[in-house]
Amino acid sequence: MSYRFLGYQRENGQVGIRNHVAVISAMDNCNAIVNKIATQVHHCLPITVWYGRTGFHDQTESPHLDALVGLSCNPNIHSVLVVSLEEESAKMLCKKVTENTGKTATYIAVQNEGNSILAVAKGTEAAAQLVSEATEQSPSEFDLSHLTVGVECGGSDTTSGLSSNPALGRISDLVIKHGGKVILSETSEILGAEQVLAERAVSNEVKEKLLSIVKKVDEESKSLGINLSEINPSPDNKAGGLTTLEEKSLGAIIKGGTSPLVEVLDYAETPTKSGFYVMDTPSPACESITALSAGGAQIILFATGKGNIIGAPVSPTIKVTGNPNTAVTLGPNIDYDVSDVFLGKKTFDEIEEPFMDFIMKVASGKKTKSEILGEEEVVIKPSPLSI
Amino acid sequence: MHKAIFLNENDNVVTVVQDLNKGDIVIYPTSDSDKEQLTVKEEVPLGFKVALHDIARNEMVVKYGETIGTASAPILKGTIVHTHNLQSLRGRGDIE
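Those protein sequences? They're chains W and S, same order as listed.
Sequential numbering from 1359 applies to the first sequence in the numbering used here.
Sequential numbering from 4 applies to the second sequence in the numbering used here.
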């Protein structure tokens, strides 16, 4: 079976499944300007952030800068307008985006324009021009080797590890078989299941990195004197029958499929060759899907049990449930229902092809529920230090 | 007949796929047999785990063929396995 989708060719060879002009806040003080520009210019994608005023440097780890560069470089983004208070941070971001991808990345700085009203006016004009240019481009057909899929789960219950996550795992294996890439994230939700993933590492080095990122979470919780299982599984996870973090993790990692683990990526890092990857990220969904988008995932498959509605604005997020009750109550937010597998009415073999066909429709332009309803958010992992 | 999901031959729990009443019988296919049965001894909500046999305090609870924690209280066959009788072994900064 050959799966193909309609995408947008980028200069660097990558392929977008959307053709967004992103209007991005470099830092929190510019969010209002970004939202005003997006009100005036149809068909642009506003991305607002918290923090960032001291996030633009190369001195130490800077998740803020890494995430904004990654989100801007995501192939679903045609071009970028950065809005910043001052010029240097904006320039730094634009330079990295253009160097990495060749795409247009321009900026406005409030202090250069004089005030916020003039900044909105100039930004509106710039964004309108970018949208005009973006809409010249027509999509063409591509195969799965051009696709990076992020796999996520949130609002999990025991149905997740028994139906929706294994369904995602089937897709993960299929995408990789056809030359694509799959990224699994949420380090603390690997804890308790790391031995299973470690066995699939392609080298000792990869295995050691996987074990070290999980050990860090384990040791941090110990040094803080907390029982991690009192926090994760969350109250809704527990109401859905999940008892311990080990149980949740063992169910969560299934969504990555069964392929060898090629590499463990740092936060917001982009995978290069085909295969299965783990990315070191926080476990809350907003933070995790933001990191997956920043790592270049054009599409996110998001399994939920009790119900989590959120999607990534940059990467269309397909909400999948295997809980027959949630499929009804959360119906307006669910894109794909695999509860027949949980109930034993269908096998994973039976749902694989229709599920993949659905994913190809979304990749080709069909809107997901979170895109339609606007239930999307960007949350960048907090910097180690807010100075 | 009600159904439950059995994942691995080392597991000592199954997961029920619908709300059950006390006395309901669930069937759970295994690699050896498609007719294994268990009577539940209390109401069990959809998605909850039930012990396949008596589990002693401190005995490992196994699902997916892997340890998901240890019994914090004795668990009787056919009763719910959850936070009241199963505890995590990982990320435990609260114990020595």
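Here a beta-carbon is modelled for each residue, glycine too, at the ideal position from N, C-alpha and C.
V1622 (chain W): first and last residue of the uninterrupted beta strand (DSSP E) it sits in: Per DSSP, the unbroken beta strand (DSSP E) holding V1622 (chain W) starts and ends at L1619 to L1623.
Quick one: is T1406 (chain W) buried, meaning 16 or more other Cβ sit within 10 Å of its Cβ, or exposed? Per the 10 Å Cβ criterion, buried.
Cβ pair count under 8 Å reaching 3, the stretch 8-19 of chain S against the stretch 1483-1495 of chain W: Three or more Cβ pairs closer than 8 Å define a contact, and the stretch 8-19 of chain S falls short of that threshold against the stretch 1483-1495 of chain W.
Give a yes or no on whether 8 Å exceeds the smallest Cβ distance from V1554 (chain W) to chain S. So, interface residue.
Could you compute how far the alpha carbon of S1383 (chain W) sits from the alpha carbon of V1440 (chain W)? Rounded to the nearest angstrom, the two C-alpha atoms are 6 Å apart.
At 4 residues or longer, and completely inside the stretch 1434-1477 of chain W: list those alpha helix (DSSP H) runs for me, N to C. The stretch 1434-1477 of chain W is shown to contain whole alpha helix (DSSP H) runs of 4 or more residues at 1445-1459 and 1468-1471, in chain order.
Answer yes or no: do S1579 (chain W) and G96 (chain S) have a C-beta to C-beta separation smaller than 8 Å? With a cutoff of 8 Å on beta-carbon distance, S1579 (chain W) and G96 (chain S) are scored as near each other.
In angstroms, rounded to a whole number, what distance separates the CA positions of K1677 (chain W) and S1521 (chain W)? A direct Cα-to-Cα measurement between K1677 (chain W) and S1521 (chain W) gives close to 13 Å.
Just checking, does the stretch 1417-1433 of chain W make contact with the stretch 1507-1521 of chain W on the three C-beta pairs under 8 Å criterion? Counting Cβ pairs under 8 Å, fewer than three are found: no touch.
Could you tell me the distance, in whole angstroms, from the CA atom of F1535 (chain W) to the CA atom of S75 (chain S)? According to the sequence provided, residue 1535 (chain W) is Lys. The question's Phe does not apply to it. Near 43 Å, if we compare the C-alpha coordinates of S75 (chain S) and K1535 (chain W).
Locate the alpha helix (DSSP H) running through L1586 (chain W), then write down its first and last residues. Secondary structure note for L1586 (chain W): its alpha helix (DSSP H) is the uninterrupted segment L1586 to I1589.
Report the option in W:K1596, W:T1648 and W:P1497 whose CA atom is closest to the CA atom of T1675 (chain W). Selection W:K1596, W:T1648 and W:P1497 evaluated against T1675 (chain W) yields W:T1648 as nearest (Cα-Cα).
Going along chain S in order, which residues have a C-beta closer than 8 Å to the C-beta of D1576 (chain W)? Going along chain S in sequence order, the residues near D1576 (chain W) (Cβ under 8 Å) are R93 and G94.
Residue nearest to S1632 (chain W) in terms of C-alpha spacing, selected from W:K1739, W:C1388, W:I1612 and W:G1654: Among W:K1739, W:C1388, W:I1612 and W:G1654, the Cα nearest to that of S1632 (chain W) belongs to W:G1654.
Give a yes or no on whether the minimum CB-CB distance between E12 (chain S) and chain B is below 8 Å. The question asks about chain B, but that chain is absent: this structure's protein chains are W and S.
Going along chain W in order, which residues have a C-beta closer than 7 Å to the C-beta of L79 (chain S)? Neighbours of L79 (chain S) on chain W: none; closest Cβ ~17 Å, over 7 Å.
Which residue's Cα is closest to the Cα of N1505 (chain W): W:G1365, W:N1691, W:I1738 and W:I1692? In the sequence as presented, Asn is not what sits at residue 1505 (chain W); that position holds Leu. Checking every option, the nearest Cα to that of L1505 (chain W) belongs to W:G1365.
According to DSSP, is M1637 (chain W) part of a helix, a strand, or is it coil? DSSP, read as helix, strand or coil, puts M1637 (chain W) in strand.
Buried or exposed for L1568 (chain W), going by 16 or more other Cβ atoms inside 10 Å? Classified as buried, L1568 (chain W) has 16 or more neighbouring CB atoms from the shown chains inside 10 Å of its CB.
Assigned secondary structure, A1652 (chain W) (DSSP; H/G/I helix, E/B strand, else coil): Helix, per DSSP.
Assuming T1601 (chain W) contacts T33 (chain S) under a Cβ cut-off of 8 Å, what Cβ separation, rounded to an integer in Å, is found between them? In this structure, T1601 (chain W) and T33 (chain S) do not form a Cβ contact; the two beta carbons are roughly 22 Å apart against a cut-off of 8 Å.
Of all the residues that make up the stretch 1434-1456 of chain W, which are near chain S by a beta-carbon distance shorter than 8 Å? For the stretch 1434-1456 of chain W, the set of residues with a beta-carbon nearer than 8 Å to any beta-carbon of chain S is empty.
In the DSSP assignment, find the alpha helix (DSSP H) that holds Q1579 (chain W) and state where it starts and stops. Before going further, note that residue 1579 (chain W) is Ser rather than Gln in the sequence given. Run containing S1579 (chain W): N1562 to S1581, per the alpha helix (DSSP H) assignment.
Residues of the stretch 54-78 of chain S in Cβ contact with chain W at a cutoff of 7 Å, in chain order, please. Under the 7 Å Cβ criterion, the stretch 54-78 of chain S contributes K66, Y67, E69, T70, I71 and G72.
Run the CB neighbour count on N1562 (chain W), radius 10 Å, all protein chains shown included, and call it buried at 16 or more, exposed below. Result: exposed.
Any chain W beta carbon closer than 8 Å to H5 (chain S): At a cut-off of 8 Å between C-beta atoms, H5 (chain S) does not count as an interface residue with respect to chain W.
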